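Trainee:
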Amino acid sequence: MRFTDLLIPTLRDAPADAEIASHILLTRGGFIRRLASGSYNWLPLGLRVLRKVEAIVREELDRAGAEEILMPVVQPAEPWQRSGRWDVMGPEMVRLKDRHDRDYCLSPTQEEVVTELFGGTVKSYRQMPRNLYHIQTKFRDEIRPRFGLMRAREFIMKDGYSFHMDEASFEETYAAMHACYSAILSRIGLDFRAVEADPGAMGDGDSHEFHVLADTGEDRLAYSPTSDYAANVERAAAPALADDASIETLSRVATPGARTIADVAGLLGVESRRCIKTLIVHADGGSDERPALVALVLRGDHQLNEAKAARVPGVKRPLNFAADAEIEASLRVQAGSIGPVGLPIPLLVDGSAATLKSFVCGANQDGYHYTGANWARDVGEAIRTADIRNVEEGDAAVDGSGALRFMRGIEVGHIFKLGTKYTDSLNVAIQDAKGAEVAPVMGCYGFGVTRCVAAVVEQCHDADGIVWPDAVAPFDIHIVAVNNTKSEQVRDTADTLHRTLSHEGFSVLLDDRDERPGVKFADADLVGIPHRITVGDRGLRDGVVEYRRREAPDVQRVPVAEVTPTIRASLPR
RNA sequence: CGGGGUAUGGCGCAGUCUGGUAGCGCACCUGCUUUGGGAGCAGGGUGUCGGGAGUUCAAAUCUCUCUACCCCGACCA
7 MRFTDLLIPT LRDAPADAEI ASHILLTRGG FIRRLASGSY NWLPLGLRVL
57 RKVEAIVREE LDRAGAEEIL MPVVQPAEPW QRSGRWDVMG PEMVRLKDRH
107 DRDYCLSPTQ EEVVTELFGG TVKSYRQMPR NLYHIQTKFR DEIRPRFGLM
157 RAREFIMKDG YSFHMDEASF EETYAAMHAC YSAILSRIGL DFRAVEADPG
207 AMGDGDSHEF HVLADTGEDR LAYSPTSDYA ANVERAAAPA LADDASIETL
257 SRVATPGART IADVAGLLGV ESRRCIKTLI VHADGGSDER PALVALVLRG
307 DHQLNEAKAA RVPGVKRPLN FAADAEIEAS LRVQAGSIGP VGLPIPLLVD
357 GSAATLKSFV CGANQDGYHY TGANWARDVG EAIRTADIRN VEEGDAAVDG
407 SGALRFMRGI EVGHIFKLGT KYTDSLNVAI QDAKGAEVAP VMGCYGFGVT
457 RCVAAVVEQC HDADGIVWPD AVAPFDIHIV AVNNTKSEQV RDTADTLHRT
507 LSHEGFSVLL DDRDERPGVK FADADLVGIP HRITVGDRGL RDGVVEYRRR
557 EAPDVQRVPV AEVTPTIRAS LPR
């Protein structure tokens with residue numbers, strides 16, 4: 007391909023709205039252009055990368071025994087109504103009507119449609135198990151699209167769904183998909199980690215996320231440097247820390263105006279880890295006007311993990327903080343002076359707060375706190391404890407392997423168990439060997455294709471531009487023809503190399519523009535094609551061209567006739 | 001949705017406080033010179049100053065309002 011035949015609008019300046027490397031470089035390099043918030047046009051260069059990622063995903067899934075299908079983006083409301091999700095999906099799902107006033111949605115995911123497709127076509131255990139996937143545009147009206155392709159409203163996802171007669175069969179496919187995702191990311195050439203994850207609204211079963219490691223990632227991952235253990239911080243179990251203090255006497259002190267842990271700790275001259283904070287959230291039961299409340303109690307230096315707290319029985323899910331007015335109506339004290347001593351609502355205490363022998367807490371009277379409080383003596387034995395905090399760097403890993411460390415990642419894949427949620431609600435049953443009807447167990451496997459393109463750039467770039475891994479580069483080889491419009495020899499040599507290398511099966515981009523060399527070199531670095539050949543009069547006087555790899559600065563002078571073997575040696579087909 | 005911010009040529013920005021009829025760099029077009037890391041000179045085109053309403057002799061600038069976009073939080077591939 008010739009540069010002049012492709013629309014590659016490189017930019018010297020980044021658009022002001024782009025903040026992270028992938029967004030800036032993909033825009034500057036002419037790979038993508040924004041259409042609206044969270045939606046992007048893919049230009050020729052960008053589309054070539056996207057197709058390469060797709061092809062790898064497709065090949066690895068096919069190899070792992072999954073079958074590709076394609077389902078519609080615009081879907082009728084009925085399957086969603088049957089599963090009950092038409093009402094629970096909320097504004098994230100875009101809805102529309104056709105000319106007959108019938109309801110439709112833009113597909114944010116495919117559980118309903120694939121389950122009904124499966125149910126209508128598979129009847130016998132002899133046809134089981136099945137593992138169906140497709141690669142398709144998804145639309146989610148995100149609360150806040152951001153970071154370019156990273157969190158877009160319209161994006162391309164590979165979503166797969168497996169159906170099984172029993173758990174054992176499901177486990178087998180789950181393991182196969184786990185291995186498949188690792189193979190995909192390894193082939194692309196990414197540094198990644200599979201971590202234990204929170205299955206979110208999808209259930210309580212096994213769940214793993216695949217993260218591309220990058221400092222700009224939105225997720226924090228906890229891992230053990232000395233074992234295989236790794237988990238999303240949202241999910242990672244937090245140990246109950248021991249307390250070395252001694253029991254003190256309870257006394258009430260005035261703390262006027264001190265509302266935060268930092269205020270109280272500063273005023274009383276104690277460490278924040280010796281204070282506890284009491285957060286009031288809605289409990290199950292109660293009415294809209296007068297919701298039932300429950301108090302979540304944590305050490306002052308710890309952060310509440312909302313997902314963990316919401317999973318504790320009795321706590322309303324999703325977690326909902328009580329409004330100040332509700333707190334004052336029920337407890338007759340303002341937030342800031344609440345504490346567990348004498349509090350008339352149920353307490354749910356984090357493990358590390360429950361082990362404190364002596365602590366500072368709100369006195370349930372505005373402007374007062376207790377010091378020297380003790381659980382058994384001042385609150386009573388009947389408290390519930392649970393792990394409801396975020397782990398912190400340095401906490402012990404649950405597998406006993408030592409202190410956890412943190413890193414950041416970009417979630418490009420998520421696999422989890424769906425159980426029989428959809429086969430039950432959509433009445434899909436398969437006959438087993440004895441003729442009995444069984445609701446199949448489902449697994450669900452998502453991979454963000456467009457997000458993955460952004461993740462590659464986040465991990466593979468330098469100050470000058472993108473550094474594509476061979477596997478997903480838009481082209482294998484970038485020929486920079488220096489002063490090609492002036493030098494016939496340069497033009498002819500570049501054309502010949504272009505032709506020969508293409509015949510060898512490499513994809514080649516020839517920069518044949520009438521631009522100064524500096525412009526071409528800068529664009530070549532920006533666009534990031536991994537192998538570059540520079541053809542110029544300077545080298546051709548000695549019968550050589552220059553070869554360098556995008557990732558390394560060293561330049562190799564190569565006789566024109568040796569170009570093909572040189573490339574073949576460093577870029578095996 | 002809560003909080004913060006931005007909107008001026010294709011891109012990046014100044015001008016807004018203190019109203020006087022729009023400017024800079026890059027990009028683009030023409031010509032000449034130049035040509036191995038984002039060239040120089042000369043000439044040229046390019047704007048509903050986000051939309052609407054208002055104040056005023058006069059509005060990019062002041063007022064009201066709407067919209068779009070970005071950043072921080074809850075959500076997710």
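Residue numbers (our numbering): 7 to 579. Idealized CB from N, CA, C, for every residue including glycine. Computed from a prediction, not measured in an experiment: that's the story for all the values here.
Need the endpoints of the beta strand (DSSP E) that D269 sits in, please.
Mentor: Here residue 269 refers to the residue found at position 263 when the first sequence is read from its first residue. For D269, no beta strand (DSSP E) encloses it; the enclosing alpha helix (DSSP H) starts and ends at I267 to L274.
Trainee: Hey, is the region 271-283 in contact with the region 249-263, meaning 3+ C-beta pairs nearer than 8 Å?
Mentor: Output reads yes: the region 249-263 touches the region 271-283.
Trainee: What whole-angstrom Cβ distance do S358 and N380 have, given they're in contact under 8 Å?
Mentor: Residue mapping note: residue 358 aligns to position 352 of the first sequence, counting from 1. Residue mapping note: residue 380 aligns to position 374 of the first sequence, counting from 1. Not really, about 16 Å apart at Cβ, beyond 8 Å.
Trainee: In chain order, what are the residue ranges of uninterrupted beta strand (DSSP E) at least 3 long that sit wholly in the region 489-513?
Mentor: none
Trainee: Check whether the region 82-102 touches the region 49-66, taking contact to mean three or more Cβ pairs, one atom from each stretch, closer than 8 Å.
Mentor: no
Trainee: Grouping DSSP H, G and I as helix and E and B as strand, with all else coil, what is W86?
Mentor: On the first sequence, position 80 is the one that residue 86 refers to. Taken through DSSP and simplified to helix, strand or coil, W86 comes out as helix.
Trainee: So the alpha helix (DSSP H) Q465 belongs to, where does it begin and stop?
Mentor: Residue numbering aside, residue 465 sits at position 459 when the first sequence is read from its first letter. Run containing Q465: V455 to Q465, per the alpha helix (DSSP H) assignment.
Trainee: Any idea what DSSP makes of F412, helix, strand or coil?
Mentor: To locate residue 412, count along the first sequence from 1; it is residue 406. Reduced to three states, the DSSP call for F412 is strand.
Trainee: For P21, which of L13, G35, R8 and D11 has the nearest alpha-carbon?
Mentor: Counting from 1 along the first sequence, the entry for residue 21 is found at position 15. Looking at the Cα atoms, G35 is the closest of the given residues.
Trainee: Going along the chain, which residues of its own chain have a beta-carbon closer than 6 Å to the beta-carbon of F124, five neighbours each way excluded?
Mentor: Taking the first sequence and counting its residues from 1, the one referred to as residue 124 is at position 118. Around F124: F169.
Trainee: Less than 9 Å between the C-beta atoms of G373 and G419, yes or no?
Mentor: Reading the first sequence from its first residue, position 367 is the one you call residue 373. Reading the first sequence from its first residue, position 413 is the one you call residue 419. Here G373 is not near G419, since their CB atoms are 9 Å or more apart.
Trainee: To test your reading of the DSSP string, which unbroken alpha helix (DSSP H) runs of 4 or more residues are found completely within the region 197-281?
Mentor: When DSSP assignments are scanned along the region 197-281, the uninterrupted stretches of alpha helix (DSSP H) that are 4 or more residues long and fall wholly within it turn out to be 267-274.
Trainee: What separation, rounded to the nearest whole angstrom, lies between the Cα atoms of A244 and E66?
Mentor: Start at 1 with the first residue of the first sequence, and residue 244 comes out as number 238. Start at 1 with the first residue of the first sequence, and residue 66 comes out as number 60. C-alpha separation (whole angstroms): 36 Å.
Trainee: So, do the region 44-51 and the region 156-169 have three or more beta carbon pairs nearer to each other than 8 Å?
Mentor: yes
Trainee: Leaving out five residues before and five after P151 in sequence, what residues of the same chain have Cβ atoms less than 7 Å from its Cβ?
Mentor: Reading the first sequence from its first residue, position 145 is the one you call residue 151. Taken in chain order, the residues that qualify are S43, G44, R157, A158 and R159.
Trainee: Between which residues of its own chain and A182 is the CB-CB distance below 6 Å, once the five residues before and five after are set aside?
Mentor: On the first sequence, position 176 is the one that residue 182 refers to. Apart from the 5 residues on each side of it in sequence, A182 sits with its Cβ closer than 6 Å to the Cβ of A70 in its chain, given in chain order.
Trainee: Please state the DSSP three-state secondary structure of H184.
Mentor: On the first sequence, residue 184 is found 178 positions in, with the first residue counted as 1. Looking at H184 - three-state DSSP - the assignment turns out to be helix.
Trainee: Thinking just about the alpha-carbon of each residue, which of G378, R395 and Q133 is nearest to the one in S252?
Mentor: If you number the first sequence from 1, residue 252 lands on position 246. It is G378.
Trainee: Quick check: the region 429-443 against the region 209-222, are at least 3 beta-carbon pairs closer than 8 Å?
Mentor: no
Trainee: If you scan the region 347-392 from start to end, which runs of the beta strand (DSSP E) of 3 or more residues do you find wholly inside it?
Mentor: 353-356, 365-368, 374-379 and 390-392
Trainee: Tell me whether the beta-carbon of L532 lies closer than 9 Å to the beta-carbon of D470.
Mentor: In the first sequence, counting from the first residue as 1, residue 532 sits at position 526. In the first sequence, counting from the first residue as 1, residue 470 sits at position 464. A contact, by the Cβ cut-off of 9 Å.
Trainee: Would H484 be called buried (16 or more neighbouring beta carbons within 10 Å of its own) or exposed?
Mentor: As a first step, residue 484 is located in the first sequence; it is residue number 478 there, counting from the start. Result: buried.
Trainee: Going by beta-carbon coordinates alone, are L302 and I286 separated by less than 9 Å?
Mentor: Position 296 of the first sequence, counted from the first residue, corresponds to residue 302. Position 280 of the first sequence, counted from the first residue, corresponds to residue 286. Yes.
Trainee: Which partner residues does M448 have in the DSSP bridge list?
Mentor: Reading the first sequence from its first residue, position 442 is the one you call residue 448. DSSP lists F169 and G425 as the beta-bridge partner residues of M448.
Trainee: R323 to R317, Cα distance in whole Å?
Mentor: If you number the first sequence from 1, residue 323 lands on position 317. If you number the first sequence from 1, residue 317 lands on position 311. Cα to Cα, R323 sits roughly 7 Å from R317.
Trainee: Which residues in the same chain have their Cβ closer than 7 Å to the Cβ of Q371, if we skip the five residues on either side of it in sequence?
Mentor: One-based indexing of the first sequence puts residue 371 at position 365. The answer, listed in chain order, is V339 and S343.
Trainee: Considering V569, what are the terminal residues of the beta strand (DSSP E) in which it resides?
Mentor: Position 563 of the first sequence holds residue 569. Here V569 belongs to no beta strand (DSSP E); instead the alpha helix (DSSP H) covers V569 to S576.
Trainee: Of the choices E494, H504, D517 and L76, whose alpha-carbon is the least far from that of Y139?
Mentor: Translated into positions along the first sequence, residue 139 becomes position 133. Nearest of E494, H504, D517 and L76 to Y139, Cα basis: L76.
Trainee: Can the beta-carbon of G415 be found less than 9 Å from the beta-carbon of L227?
Mentor: Translated into the one-based positions of the first sequence, residue 415 becomes position 409. Translated into the one-based positions of the first sequence, residue 227 becomes position 221. Contact check for G415 against L227 passes: the beta carbons are separated by less than 9 Å.
Trainee: Inspect the beta-carbon positions of R39 and P15 and report whether they are closer than 9 Å.
Mentor: As a working note, residue 39 is residue 33 in the first sequence. As a working note, residue 15 is residue 9 in the first sequence. Cβ atoms of R39 and P15: closer than 9 Å.
Trainee: Which word fits K526, buried or exposed, when buried means at least 16 other C-beta atoms lie within 10 angstroms of its C-beta?
Mentor: Position 520 of the first sequence, counted from the start, is the residue given in the question as residue 526. So K526 counts as buried.
Trainee: For G154, name the three-state secondary structure that DSSP assigns.
Mentor: Indexing the first sequence from 1 puts residue 154 at position 148. The three-state secondary structure of G154, taken from DSSP, is helix.
Trainee: Could you check if Q495 is buried or exposed, using at least 16 other CB atoms within 10 Å of its CB as the buried criterion?
Mentor: For the purposes of this step, residue 495 is taken as the residue at position 489 of the first sequence. Exposed.
Trainee: Just to confirm my understanding: we take E122, look at its own chain, exclude 5 residues before and 5 after, and list those with CB closer than 7 Å. What are they?
Mentor: Taking the first residue of the first sequence as 1, we reach residue 122 at position 116. So the list reads P85 and L432, once near-sequence residues are dropped.
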